[in-house]
Every structure is written in C-alpha cells, then in structure tokens.
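Take 1 as the starting number for the sequence shown in the UniProt record's numbering and just add one per residue.
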Amino acid sequence: MSENLTREIAQYRSELLKIEKYKIELDVSEAQSKSDNFTVTSQISLIQLHEGSFHIDFIGDSVQAVCIDDQEIDFQYDGARITFAALTPGAHEIMIAAKGKYSTSGEGLHRFRDPLDSETYLYTQFEPADARRVFPNFEQPDLKAEFAIAITAPAAWTVLSNGAEIHSQPAGENSQGKACKRVIFATTKRMSTYLTAFIGGPYHKFSDVYSGPDGDIALGYYCRETLAEYFDFADINTVTKQGLDIFPQAFGMPYQWGKYDSVFVPEYNLGAMENPGCVTFNENMYIHRGHTTRAQAASRGNTILHEMSHMWFGDLVTPKWWDDLWLKESFAEYMGAWGLVNGTKYDEAWEAFTGARLAWALANDQYPTTHPIIANVPDLEAADQVFDGITYAKGAAVLRQLVSWLGTETFFAGTRLYFAKHAFEAATFGDLLAALSEASGKDVQLWAKEWFETPGVSQVEVTRLAAGVQLKQIGTDPFTGEDIRRPHLINVSGWQLDDHKILQRVADTNIELIDEVMIPWENLGGSEVAAILPNDGGLSYLKISFDRASCDAFLNYDVNDSLSRAVIANALWQEVRDAKLKVAKYLEYVMRNAALKQSALLNQMLKTALQAIKDYLPVQQRKDFAAKLFTTGMQQITEFAETEDLGVIWRHTIAELAPIATTGTTQIRTLLHETTDQELRWALLTALANMNLLADGELAAELEKSHSAKDELAYLGAKASIPGTQHETLALLLQEDAKLSNLEIGVLAAGFMAATTPAAARAALPNFFERIDQIWRSRSQEIAERIIYGIFPRTEIMAADPDAEVSLQREAKNWLAAGGHESALVKIIRDCLDDSYRCAKAQKFNS
C-alpha cells in the first residue's frame, strides 16, 4: 500500500491538473450501528492540461466503481491509490463510489460514543493528508477546488460542514429504524482538501450573530450534550467576536467563509483546526468541569484567534507544499498572541508565549533532527512531523523580530498586499517576501535567509568589562558547522535592587547584535547595577548566557515587570536543561515565586520544576527535592482556595509530587475529601494509585459516580499507574486489535511509565528496539508515535557508575546503525536518544 505521497509526485500532479470542483456525498446514516464503515461518492471536475497519467488518493475499505465522463472504467486500488488508464487532455468528470472506515485515532472521520448517554458523535481531522480517509481526492494543498458537500445522517443529529446548510430533506430510515435526512451545504469558495469538515451527532448548540462593517456573520458553538453545562459560552463568544473585529481590519480583507462555527469535539489529537467556516476544538483542553484559571481561558482565547487568523493565513492563501507549513502556522501563532494583546482582556499573551511556547521551540530546535523554519519536507510522513515547536513557536518568535525590524504598520501593509494578490490561491514564502519588500522598501530576502533558512539556536553571552557590557552572539549551525550570524534587534536593560529587595529596571537601550556589541555602562544605569537582561521584552529568538552576578540576582530577587520575569524564567530553565545551573538552585527560585499571580508563568515554572526533578536529578535526590516542593505547595493551598487560579495550579502540582516524594498521604486524602472538582479528584486518586495506597474498589467507586468520557479515561490511566500492573498495561498497548483510541493509548503509556522504575520497564519490554518497526508498520502514524514516544525507556544514571553509558543508549545507537528503517521513525528514535543523553548529562552534573 502506497500511502506516503512524495513532493515530486505532488508537483507533477499540480503541473498536470487543474481541479475545478468536488461534489461529495457522505452517508453516515449507519454510524450508530456496529458497522465500522460508511459510504461516500466523490465527483471531481477537472481539467487535464497535457498528456500524462495520475492517481487519486483514498485510504479506505474498498472502491466499488470509477466512472470517467459517465462511463464506468476498469481501475486498480491498492488501499491508498486509485489508478486507471491515462486520460486525454481536456475537461473530465470523475466519479468514484467507495466505502470508508471510521477512525478511533483522531485521523480522518473519528467516531466517538459518549458513555454517559450512549450517543454517537462524528468529526473529521484531515491536516496534513487525511481527507483521503473520507473521500477520494487529490491530497495536496495546492490543488484547490470548490466543494459541494451533502451528508446523509440520522434526522435527529446536528450535521455541519464548511458551508451553511441550504436544504434538508428526508432520507428514509436506517437499519435501526431511525429516520434519516440528507443535508445539502452551500458550495465553498476554492480551498484545499485538508480544510474540508464533516460533523455529525446530537451536538448541543449555542448561537449568536456578529454584526460588523461587512455584514452579519452567523456564529454557532457546539459541544456534546453531556458537556453543555460546563461550556463557557460568554467568554468563548466574546473572544470570537473580538477576533472578527480586529483581523479584517489588520488584513484589509473581510472574512470570506460565510458562517463561523466552532465545534468542540472529543478525543482530539490537536488543540484545534482551522476548517473554513467550521473550526474544530479539543474539548478536553478547552471545556473545564472545575474552576477555569485565567491562564486556561487565555490559552483558549489564543487558540480561538490562532484558528481565526488561519481564515486568511492558510485558508484564503495556502502553502503550495508542506515545506511552507510554517507560513501559516508561525503567522497564526504570532497572530493569536497579537490578537489577544490588541483585542481582548488577555493582554498578557506575550508573557505566556515567552514562558511556555518559546521553551517548546528551544527544546525542538536543539534536537539533532532540528530543521530550518522553512523545512525540507520530501513526503507526507515528514510533513506530519514538522507540526512542531520550530514551525509554530520559533517561527512566531522570528516573526515578532521581523515586525520589530519592519514596524507593525509596514508588516501589515505587506500582508494586505499578499492577500490581495493571492486570494484563494496557493503561494510561497517568496510571494510573501515580495509583498513585504514592496511595502517596506527593505531587502527582506537577505534578512529572511539568516532567520528562516538556517537551523539551530544561538545565544547572547553577557560579559562585564571596565568600559561597559559586552554582548556576543555565539552559536553554530548544526548542519554546516558555521557560526550563526542572525541580526537581532533587542532591548538590553540594567536592574538595581530597591529598598523592598525588588529588582527595578533603571535603564535600557536598543541595540542590533550580529557578532558582538559593547554597551557603555551609562546606557545601563552604571557599573554597579545588580543585573543585566539582554532581550528584555522577548523580541528576539535566542538563549541568554548571564554573567554570574546577573544570574545570582535573578535567581534570588523578583523583578517588577511581568514580561521581563517571563524572559528570565525561560532563560534560567534553559540553563538547567543545558546542565549549567543546578536543579537545586532552580527549585529554590521556583519556590521563591510560589505565590506568583501570573498563572500561566507559574504553571509553566511548576511543570519545568517537575521535569527537573524527574529527569535531571539523580534518583537518590528526587524524593527530598520533591518533598520540599510538596511542602511549599501545601503552604500555598492554605492561602488559595480551589476556586482561585493558584489554588488549582498548586493542588494539581501536589498530586504529581506526592508519588515522587512518597509522602503526603494524609494531605492527599484530605484534599480528596474536600474537593468536588472532578479533574482534581482523579489527579489525587491517580497519585494514591501510583503510591499503591488505594482501597480495593476505590477507583471503580469513583467511576460509578459518573461514567463520562473524561472519567473513564482518568480511571484507565489511574489503574495503569498502580505498581505491578505494567505487564498487563503493556500487553494491552501492544495488542494490535485492541481498538484503543488515541487518548486511551496516551493515558496507558503514561500509566505504564509511572507504575515502574526504569529497570522494571526495561524488564517488562526487553526487546523494545526489536518491536518498534512492527509498531510503526501496523498502526497509523498518530497511534504509532503515541506508543513509541510514550514508552521509550527512561534514563537513570546510577551513582555507583555515573560515567557508564546506559544500555538503552547502546541499543538505540545499534538500532540506528543497522539502518533500513522508515525516516519518520528514525527521527523519533534520534530525538528520544538525544533526550536520554541530556538527562544523563544533567544527572551527572547534579550528582
């Protein structure tokens, strides 16, 4: 079966064909039955431009018929491609009747049954190339077309697609005797196959209308009926309207896609997806049964605006191929934060970006498999793996630097030229650069080459000298070995302690850094300043190597600026990751900020503190440090209720710390008795399960209170985290016909790792590297990645022989050396091996 489409084949088809229109008839009327299949017909109107043969993509159960210009023809189908005799140049109508398969992996047409009310819900997720799991098509972004979609489904269901519903008619009964309907949707404007959406089920609807200068837009918000009481309609609707206020003005073009639906769906792999007119969101991430912290609400708002900006960047103008995936994702990442700051009450968005998203980018960019922002994506398997921190967060950070260099108004003037010229087409980075150059009069191409075409991270090194402060950019291109010479426009500030032992900014200056720069002391407040902060405000993408005095000052004293604090926190965390700052000092810093009101940054700092304890400390030190952080957390929850942000964050952190600290049983039990927050209850029960302190039937009794999907998933994860269950969990994970969903795979893998020591995990799966090729071949890419990443053996350097190479590293290197593996799988193992070396280095450093 030939699922993996190459860039060369895609380019060939785009030169051969022009696609005019798809007419899709999807029949999901039997979705409530036990059948794993649905039927679909795909009628494609195209123009073949010259002589040549081609294939049509479809990953499904079977193909019943292929008709060319109303004549049934012979064809071949290998499970991924439909081929037939070459056609003559000219206009043709191709009709394909096929049978597809429902998914439980979050790829294609995902089917979910709500355990609370037994209702069935459907949704689709196609990016980068899973529309072919639902209807036969040309699965590449540059072959855009109009889409006329009709869906036959149970009559009681809500049925949605990209276009507005224009007609519904009775369609008989299904095999369960339930009435059905056929819903016809308005034909879309030209767009890519991966942006089509098919939604069905008894979704609960909230609605409103946005009235703007370009007319009214119907707003629909949907979630499962059993989650409707938790849906934060007021905030979600407000942010959506604020986005529709600000983006058409910024981009100089009205919203183009008719109505605007937001559908919150179960078992979703991503945060959200920008299907025009029918955006899908991860209900697990954005619908909360307990208190929603400001950080959570802001994160949801960021995602709403991220996806909305895609209606222009990505949907209106689409990358020709996945090399330019960043062209939409980096812009959407940037515009999500920009939109929050300039259009909503969540004006702390750049602080959250600097604290969490930038850390994600830096981690990805330091793997041996790093890539330039403009990636080399030879095929679809590679495309699936560039949805990473480089494509999203590094690209957004670089765009922030670009906006600083060009000026905000000039930047948006360039984007307006870009949209006006390429609307409803596929475009390249070169097209955007041309528009930005025209708007700015600057040579954007040269600037962009250093930033977008080179991989890796550089850092600014701070040295105090008699004449002033020397800043030097240091870094090596991991591919060429040459020095990185990116132009950074950054703000550098000097800080001094006030009478309250708070660091105050006393002076700052803007500089351009390429190689090295000397800043006179008078520009930074004098030679006696306590600390120097390069890249204050986080306007550029780089790591910071503090001088010792500045590092000590930032570790021991707070600053009076929230964005500067986020820059400092991320810089200190990078020092921990690089084994340059002791975990003990970092944990003291985190505990000193235990009552930090910036909930997004506090949450990020506590996550990194947990990672430092679990991965970067020698095993014999973890218990004591976890106990110290646990004690700090217990002090905080006496100050903050679970209906306050800090109360929520610290209670969940305590639940994660207790099994490491092997203490706090009484406190965990007390919190469990006091709370009605169901997510927190499961976190606390999982902690007790992991400590093997549950009474018989206690997990089952909790599940009996509510058999919601979240509860069943939490029960599965808690049960898997009980010590001694690792063999049972592993057997279930590796059982190919277990039909586990994507989220079930995730919680089982996490439970397996929590329930065992590294040695016990290796004993349970001694032949890990002999199994992974089969896992990769037998599962979808999403499921295979979840399993392999999830159960990759952990690193644990023993004090008795800290210089010994752990056996998993030897095995991983031998597996890589043997060759013959899929390139996407090789990337996973190389990244995991790099994590192993980083852990080992940090554990030795902290011994």
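Beta carbons are placed, not taken as given, at the ideal position from N, Cα and C, and that holds for glycine. Remember, it's a predicted structure, so these values are computed and weren't measured experimentally.
Any contact between the segment 317 to 326 and the segment 247 to 254? By contact I mean 3 or more CB pairs, one from each, below 8 Å.
Touching, no.
At 3 residues or longer, and completely inside the segment 211 to 286: list those beta strand (DSSP E) runs for me, N to C.
If we require 3 residues or more, the beta strand (DSSP E) runs fully inside the segment 211 to 286 come out as 215 to 223, 260 to 265 and 278 to 282.
Given a cut-off of 8 Å, decide if K543 and Q574 are closer than it, judged by their beta-carbon atoms.
Against a cut-off of 8 Å, the Cβ pair of K543 and Q574 comes out as a contact.
Residues in the same chain with beta-carbon distance under 7 Å from I82, minus the five sequence neighbours each way, listed in chain order, please.
For I82, where only same-chain residues beyond five positions count, the Cβ hits under 7 Å are H55, I56, F58, V63, V66, F75, I96 and P136.
For the candidate residues P534, E425, A359 and A427, whose alpha-carbon lies nearest to that of L395?
A quick correction: the sequence has Gly, not Leu, at residue 395. Measuring from the Cα of G395, the nearest candidate turns out to be A359.
To which residues of the same chain is A228 closer than 7 Å at the C-beta, ignoring the five residues directly before and after it?
Excluding sequence neighbours, A228 sits near H204.
If you follow the beta strand (DSSP E) that F411 is in, where does it begin and where does it stop?
Note, F411: premise wrong, no beta strand (DSSP E); alpha helix (DSSP H) at T408 to H422.
Would a C-beta distance cut-off of 8 Å place V460 and L513 closer than the cut-off?
Result yes, Cβ atoms of V460 and L513 sit closer than 8 Å.
Rounded to the nearest angstrom, what separates W338 and T463 at their Cα positions?
Roughly 33 Å separates the two Cα atoms.
Could you tell me the distance, in whole angstroms, from the CA atom of I484 to the CA atom of L825?
When rounded, the distance between both Cα atoms is 29 Å.
Leaving out five residues on either side along the sequence, give the residues of the same chain with a beta carbon under 6 Å from the beta carbon of A627.
Excluding positions up to five away in sequence, the list reads A661 and T663.
Reducing DSSP to helix, strand and coil, say where R464 ends up.
Strand.
For the beta strand (DSSP E) containing A65, name the first residue and the last one.
Taken as a continuous stretch (DSSP letters only), the beta strand (DSSP E) holding A65 covers S62 to I68.
Nearest to M605 by CA position, among A812, E644, R565 and M634, is which residue?
Here the closest residue by C-alpha is R565.
Considering only the alpha carbon of each residue, which of K144, N560 and V386 lies closest to K501?
Cα-wise, what sits closest to K501 is N560.
In whole angstroms, what separates the C-alpha of S599 from that of Y12?
Computed Cα separation, rounded: 50 Å.
Within 8 Å (strictly less), CB to CB, does A393 reach chain D?
No chain D is part of this structure, which consists of one protein chain only.
Return the bridge partner residues of H727 from the DSSP annotation.
Partner(s): none; H727 has no beta bridge.
Between the C-alpha atoms of A155 and A91, what's the straight-line distance to the nearest angstrom?
If I take the Cα positions, the gap works out to 37 Å.
Is it buried or exposed for V517, if we count other Cβ within 10 angstroms and need 16 for buried?
That one is buried.
Apply the 10 Å Cβ neighbour rule to G526 and answer buried if 16 or more other Cβ atoms are within range, or exposed otherwise.
Classification for G526: exposed.
For Q366, collect the residues of the same chain with a Cβ closer than 7 Å to its Cβ; drop the 5 residues on either side in sequence, then sort them by chain order.
The answer, listed in chain order, is V457.
Please go through the UniProt domain "Aminopeptidase N-like N-terminal" (37 to 195) and give each complete beta strand (DSSP E) segment of 3 or more residues, from N-terminal end onward.
Counting only runs of 3 or more, we get 37 to 48, 55 to 57, 62 to 68, 81 to 83, 90 to 101, 108 to 113, 120 to 125, 146 to 154, 158 to 161, 165 to 173 and 179 to 185.
Determine the contact status of L160 and P276, defining contact as a CB-CB distance below 8 Å.
Against a cut-off of 8 Å, the Cβ pair of P276 and L160 comes out as no contact.
Please determine, among W322, S440, K597 and Q385, the residue with the shortest C-alpha to C-alpha distance to T408.
For T408, the nearest C-alpha among the options comes from S440.
Measuring straight from C-alpha to C-alpha, what distance separates R294 and Y286?
Taking the straight line joining both Cα atoms gives about 12 Å.
Please confirm whether E3 and G106 have their CB atoms less than 8 Å apart.
Not in contact: E3 and G106 (Cβ atoms no closer than 8 Å).
If you compare alpha carbons, which of S299, A129 and D831 is closest to R357?
If we check each option's Cα against that of R357, S299 comes out closest.
Around the Cβ of D515, are there at least 16 other Cβ atoms within 10 angstroms (buried) or fewer (exposed)?
Burial call: exposed.
Under DSSP, the beta strand (DSSP E) around S493 begins and ends at which residues?
Start and end: H488 to L497.
Helix, strand or coil for I484, going by three-state DSSP, please let me know.
The answer is coil: DSSP assigns I484 none of H, G, I, E or B.
In the DSSP assignment, the alpha helix (DSSP H) including I660 goes from what residue to what residue?
Per DSSP, I660 belongs to the alpha helix (DSSP H) from D645 to A661.
Does E30 come out as helix, strand or coil in the three-state DSSP assignment?
Coil, per DSSP.
What is the DSSP secondary structure of G537, reduced to helix, strand or coil?
Here G537 sits in coil by DSSP.
For S14, count neighbouring Cβ atoms within 10 angstroms of its own Cβ and tell me buried if that reaches 16, exposed if not.
By the neighbour-count rule (16 or more Cβ atoms within 10 Å), S14 is buried.
I want to know whether the segment 633 to 651 touches the segment 378 to 388 - three or more CB-CB distances under 8 Å.
Counting Cβ pairs under 8 Å, fewer than three are found: no touch.
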